[in-house]
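Peer 1: For the sequence shown, the numbering used here assigns the number 24 to the initial residue and increments by one for each residue that follows.
Cβ atoms here follow ideal geometry from the backbone N, Cα and C, with glycine treated the same way.
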Amino acid sequence: MELQLCQLWQEVLSTDDIMPWDDFFELGGDSILALQLTHRMQSELSLKITIVDIFEAPTVELILQRDPESVQHQPVLVDMKSTASNIRLYFVHASSGEILFLKDVCSASRFNVSGLRSAGLSNAENADKKITSMANRYLSEIGTRRDKSEISILVGYSLGAAVAYQMTLSSNPLARRFDGLILIDPPSRGVKAPHQLDAYVAERFLELSKLYDLNPNRELERSALIEDFRAARAIPDFTSNEAFINAQYVWAYNMMALDSYSAGGEVDIPSVVFATLENRPIVEPWLKVLSNLRGFETFSCDHFDVMRKDNFPTRINWSVHQLISASA
Numbered sequence: 024m025e026l027q028l029c030q031l032w033q034e035v036l037s038t039d040d041i042m043p044w045d046d047f048f049e050l051g052g053d054s055i056l057a058l059q060l061t062h063r064m065q066s067e068l069s070l071k072i073t074i075v076d077i078f079e080a081p082t083v084e085l086i087l088q089r090d091p092e093s094v095q096h097q098p099v100l101v102d103m104k105s106t107a108s109n110i111r112l113y114f115v116h117a118s119s120g121e122i123l124f125l126k127d128v129c130s131a132s133r134f135n136v137s138g139l140r141s142a143g144l145s146n147a148e149n150a151d152k153k154i155t156s157m158a159n160r161y162l163s164e165i166g167t168r169r170d171k172s173e174i175s176i177l178v179g180y181s182l183g184a185a186v187a188y189q190m191t192l193s194s195n196p197l198a199r200r201f202d203g204l205i206l207i208d209p210p211s212r213g214v215k216a217p218h219q220l221d222a223y224v225a226e227r228f229l230e231l232s233k234l235y236d237l238n239p240n241r242e243l244e245r246s247a248l249i250e251d252f253r254a255a256r257a258i259p260d261f262t263s264n265e266a267f268i269n270a271q272y273v274w275a276y277n278m279m280a281l282d283s284y285s286a287g288g289e290v291d292i293p294s295v296v297f298a299t300l301e302n303r304p305i306v307e308p309w310l311k312v313l314s315n316l317r318g319f320e321t322f323s324c325d326h327f328d329v330m331r332k333d334n335f336p337t338r339i340n341w342s343v344h345q346l347i348s349a350s351a
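(1) Give a yes or no on whether the C-beta atoms belonging to Y113 and S181 are separated by under 9 Å.
(2) CA-CA distance, I110 and L231?
(3) Look up R227 in the DSSP assignment and say whether it is helix, strand or coil.
(4) What is the rounded straight-line gap between the Cα of M278 and the Cα of A185?
(5) Give every residue of the same chain whose Cβ lies closer than 6 Å to the Cβ of V312, excluding the five residues on either side of it in the sequence, and list them in chain order.
(6) For L192, which of K171, W44, V329, S314 has the nearest alpha-carbon?
(7) Does DSSP put G288 in a helix, a strand or coil?
(8) For W44, is the classification buried or exposed, using 16 other Cβ atoms within 10 angstroms of its Cβ as the cut-off for buried?
(9) DSSP three-state call for M42: helix, strand or coil?
(10) Pull up the CB-CB distance for E121 and L87, whole angstroms please, since I reckon it's below 8 Å.
(11) How about Q33 and L68: do their beta carbons lie closer than 9 Å?
(12) Checking 9 Å against the spacing of the C-beta atoms, do P209 and I305 come in under that value?
(13) Taking the alpha helix (DSSP H) that G166 belongs to, which residues open and close that run?
(14) Alpha carbons only, please: which of T106, E79, S105 is nearest the one belonging to P98?
(15) Write down every uninterrupted run of the beta strand (DSSP E) in the stretch 82-147 whose length is 3 residues or greater and which is fully enclosed by it, in chain order.
(16) For R331, does the count of other Cβ atoms within 10 angstroms reach 16, so buried, or fall short, so exposed?
(17) Please state whether the Cβ-Cβ distance between A275 and Y235 is less than 9 Å.
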């Protein structure tokens, strides 16, 4: 099996002489290649490996040590990068529920990085239906794993910013003291009238149809629409129809939770906020509830590109030092 895995990694990474102890990401792997690798390990070697396993066990020898029960488990809290630092960043997922966007941040981070994923990624029915429920689950997960000597910075992107805010409210009975909070392009604070779940799913398919120029006015059965998505390369070959549909339901549950969320109360720990220029009017109300705001910076890009800005990981590193100095 070791030889087969090494050969498979060579093909995915387009390189030669993979050793069992070689790190997948240090050899040039990224989140897209990790998805391809897990698909091929599942389909060609019948291994029940997920992309989370690649992040947690990025070498062939570590993959071979995975317990059968653990590789089938989709953890909520995932360690993405380990360093000698005593500082750990906890990133909360955005509306997709996934944390694949963290790979670029991890590569440039000087600190330990952990990600919090939606509980519904294996089965959307397991997704938390309220922002408060997400916050409580993630606080519990961190509480069971956290080293008491570590310096902890909580980071939330998009929908995750609302969850991170809820996690740091002193009124939250499960809240624990973080050393700093970073909000990245947080969503509107206003409560909206939530729809039924199917309406959110329909909205999601409509958005994807527009994005891939698939004439969203057509009335298609979902199976036919999914085939259109595949033809437009909106669904990777290594993603099953079931997994794709589940992902849209996770998004729907998350958006329904956000629309019904009533944010209230102040957060008094040192905080930094990043925003895109186009979303600045939406973001500014958040500044009023951060009583220990230490920085506010805007970027001239759209919401989906802010995490991919070339200098963004550097800004995160700088902000962490700023927050730690403020909390000392």
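Peer 2: In short, the structure shows the following:
(1) Along the sequence shown, read from residue 1 onward, the residue named residue 113 stands at position 90. Along the sequence shown, read from residue 1 onward, the residue named residue 181 stands at position 158. One thing to note: Y113 has its Cβ no nearer than 9 Å to the Cβ of S181.
(2) Position 87 of the sequence shown, counting from 1, holds the residue named residue 110. Position 208 of the sequence shown, counting from 1, holds the residue named residue 231. Cα-Cα distance, rounded: 38 Å.
(3) As a working mapping, residue 227 is identified with position 204 in the sequence shown. Residue state for R227 is assigned as helix, using DSSP reduced to three classes.
(4) Taking the first residue of the sequence shown as 1, we reach residue 278 at position 255. Taking the first residue of the sequence shown as 1, we reach residue 185 at position 162. Counting only the Cα atoms, A185 lies some 11 Å from M278.
(5) As a working mapping, residue 312 is identified with position 289 in the sequence shown. The answer, listed in chain order, is E289.
(6) In the sequence shown, counting from the first residue as 1, residue 192 sits at position 169. Of the listed residues, the one whose Cα sits closest to L192 is S314.
(7) Taking the sequence shown and counting its residues from 1, one reaches residue 288 at position 265. Three-state result, G288: coil.
(8) Reading the sequence shown from its first residue, position 21 is the one you call residue 44. Residue burial is scored here from C-beta neighbours: W44 has fewer than 16 other C-beta atoms within 10 angstroms and is therefore classed as exposed.
(9) Within the sequence shown, the letter at position 19 stands for residue 42. In this structure, M42 counts as coil in the three-state DSSP scheme.
(10) The sequence position of residue 121 within the sequence shown is 98, counting from 1. The sequence position of residue 87 within the sequence shown is 64, counting from 1. Not confirmed; about 26 Å, so no contact.
(11) The sequence position of residue 33 within the sequence shown is 10, counting from 1. The sequence position of residue 68 within the sequence shown is 45, counting from 1. No; because the gap between Cβ atoms is not below 9 Å, this pair is not in contact.
(12) Start at 1 with the first residue of the sequence shown, and residue 209 comes out as number 186. Start at 1 with the first residue of the sequence shown, and residue 305 comes out as number 282. Pairing P209 with I305 gives a Cβ-Cβ distance under 9 Å.
(13) Residue mapping note: residue 166 aligns to position 143 of the sequence shown, counting from 1. In this chain, the alpha helix (DSSP H) harbouring G166 covers 154-168.
(14) By one-based count along the sequence shown, residue 98 stands at place 75. Nearest option by C-alpha distance: E79.
(15) The qualifying runs are 100-104, 110-115, 135-139.
(16) On the sequence shown, position 308 is the one that residue 331 refers to. By the neighbour-count criterion, in which a residue is buried when 16 or more other Cβ atoms sit within 10 angstroms of its Cβ, R331 is exposed.
(17) Your numbering for residue 275 matches position 252 in the sequence shown. Your numbering for residue 235 matches position 212 in the sequence shown. For A275 and Y235, no; Cβs fall outside 9 Å.
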